[in-house]
Amino acid sequence: MASEAIFLPAAGSVQFAIYPDGYDGARIIARIDEEALHKRFHAPEGQGDLVQAYALNSDSIDALAVERYRANPNEAICLHNADFSIGAAA
55 MASEAIFLPA AGSVQFAIYP DGYDGARIIA RIDEEALHKR FHAPEGQGDL VQAYALNSDS
115 IDALAVERYR ANPNEAICLH NADFSIGAAA
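Residue numbers 55 to 144, in my numbering, belong to the letters of the sequence shown in order.
What follows is the structure in structure tokens.
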């Protein structure tokens, strides 16, 4: 499936969809902020570069987003650089 990721300038983040129960289940919207994409995933400057950095690393980003969703399905999911640190608490 093609990536649904888009850059949201007002939020300073890339928005993407996850499907915790497969594509027949719920579609959950999540975000990852610019800082995480730059510091953790070494994204160059530019909106397209941020979306590409998400796409290249979507497996690990999506996995953390699904983990967050399962921990609290009612909470908005916005991933930050600290969320990817070793031993980071969810």
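A virtual CB, placed ideally from N, CA and C, is assigned to each residue, including glycine.
- Rounded to whole angstroms, Glu-89 and Asp-137 show a C-alpha spacing of 11 Å.
- As DSSP reads the structure, Asp-75 sits in no beta bridge.
- Tyr-108 and Pro-74 have their C-alpha atoms roughly 18 Å apart.
- Looking at the DSSP output, Ile-86 shares a beta bridge with Val-68, Leu-133.
- Residue environment for Leu-104: buried (at least 16 other C-beta atoms within 10 angstroms of its C-beta).
- In this structure, DSSP gives Phe-61 an extended state, which the three-state scheme calls strand.
- In the three-state DSSP reduction, Glu-121 falls in the helix class (H, G or I).
- In this structure, Arg-94 is the residue among Gly-102, Arg-94, Glu-99 with its C-alpha nearest to the C-alpha of Asn-135.
- Between Ile-131 and Arg-122, the CB-CB gap stays under 8 Å.
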